[in-house]
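Data block below; observations after.
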């Protein structure tokens, strides 16, 4: 086993910082051997099979090309559960876990009708369905590939979700009953095209750009459309939650207030960056 660990460190040094390489080693041996970090320390003299060593060599090669470890292993952890992940959907981020935990903390006391717009891998929708079992959850996405992954995750975690192939920017609002939802959540594309220059290859070369980027001139493209439509879709007192670009907190709050939403707020993430927005549809709307 030590030989495989040395191979990984040698192959990846200069591409990733040492701490990240250690993290990869932990994830790889957890996935392939079901080893804990303690097992890795205590079993370094274990002789791995040729087949196992070859698999590790293949993983090292893919990692050296900056392919995300989650795509290589086929899964990622989100809110303490394992989610299938593939290149058709974004890899779940820790910030999104914060958003989901915020929603659960604020909405656990009653059954709701929830929609996750732009569901991707389904991590938000599936977690909400699991943690708020009295609620009904639906999930939308434009991508058939992403919906296939999300459906698989819902099946594995044994939750019932209504999936819809819908383009958030172009769908027939009249086909959805007005006031039929109590809570809408979305983590839509919010990275500005100009910000791509600062992003690493493992994101730019592998994750779906349509789920990441918006034009610099319309940073709130998706938020504006969802906020407008939610005035129809939400019941009075219904809640809207967004994950946002850290540079767009004030703009997002101003937009929501402009549409007449109440209790508008911007919430910071663990890194003290503006990361989430929430608002409430008023009981008396226009």
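Residue numbers (the working numbering): 3 to 288.
Note that beta-carbon positions come from the ideal geometry of N, C-alpha and C, so glycine has one too.
Which stretch, first to last residue, makes up the alpha helix (DSSP H) that contains residue i?
i, result
"residue 184", "Residue 184 -> not in any alpha helix (DSSP H); beta strand (DSSP E) instead, spanning 183 to 188."
"residue 50", "Neither: residue 50 is in no alpha helix (DSSP H) and is coded neither H nor E."
"residue 278", "No alpha helix (DSSP H) holds residue 278; the beta strand (DSSP E) holding it covers 276 to 282."
"residue 80", "No alpha helix (DSSP H) holds residue 80; the beta strand (DSSP E) holding it covers 77 to 80."
"residue 41", "39 to 44"
"residue 286", "Per DSSP, residue 286 belongs to no alpha helix (DSSP H) and is neither H nor E."
"residue 107", "96 to 109"
Can you tell me where the beta strand (DSSP E) with residue i in it begins and where it stops?
i, result
"residue 266", "264 to 270"
"residue 85", "83 to 86"
"residue 25", "Note, residue 25: premise wrong, no beta strand (DSSP E); alpha helix (DSSP H) at 20 to 35."
"residue 239", "236 to 245"
Closest to residue i by C-alpha separation, out of the options, would be which residue?
i, options, result
"residue 265", "122, 77, 129 and 242", "242"
"residue 108", "185, 215, 29 and 255", "185"
"residue 75", "113, 191, 150 and 32", "32"
"residue 16", "40, 66, 4 and 49", "66"
"residue 172", "119, 27 and 260", "119"
"residue 164", "176, 177, 140 and 158", "140"
"residue 219", "231, 197 and 234", "197"
"residue 235", "254, 259, 44 and 170", "170"
"residue 64", "138, 35, 18 and 105", "18"
"residue 256", "248, 268 and 245", "268"
"residue 159", "124, 175, 138 and 177", "124"
"residue 177", "69, 70, 231 and 21", "231"
"residue 245", "137, 105 and 263", "105"
"residue 34", "20, 44, 51 and 21", "51"
"residue 55", "7, 95, 263 and 282", "7"
"residue 95", "126, 117, 69 and 36", "126"
"residue 14", "44, 36, 68 and 53", "68"
"residue 273", "138, 175, 248 and 217", "248"
One question on the structure: do residue i and residue j come within less than 8 Å of each other, judged by their Cβ atoms?
i, j, result
"residue 10", "residue 62", "yes"
"residue 284", "residue 238", "yes"
"residue 72", "residue 58", "no"
"residue 115", "residue 182", "yes"
"residue 144", "residue 122", "no"
"residue 3", "residue 48", "yes"
"residue 148", "residue 90", "yes"
"residue 187", "residue 215", "no"
"residue 261", "residue 229", "yes"
"residue 27", "residue 42", "yes"
"residue 97", "residue 271", "yes"
"residue 190", "residue 167", "no"
- prompt: Would you call the region 75 to 87 and the region 123 to 139 touching, i.e. three or more CB-CB distances under 8 Å?
  reply: yes
Touching by the beta-carbon criterion (3+ pairs, under 8 Å), the region 274 to 281 and the region 92 to 105: yes
field: beta strand (DSSP E) runs contained entirely in the region 113 to 174, provided each spans 3 or more residues
entry: 115 to 119, 138 to 143 and 163 to 167
message: I'd like to know if the region 149 to 156 and the region 220 to 236 are in contact, where contact means that at least 3 CB-CB pairs between them fall below 8 Å.
response: no
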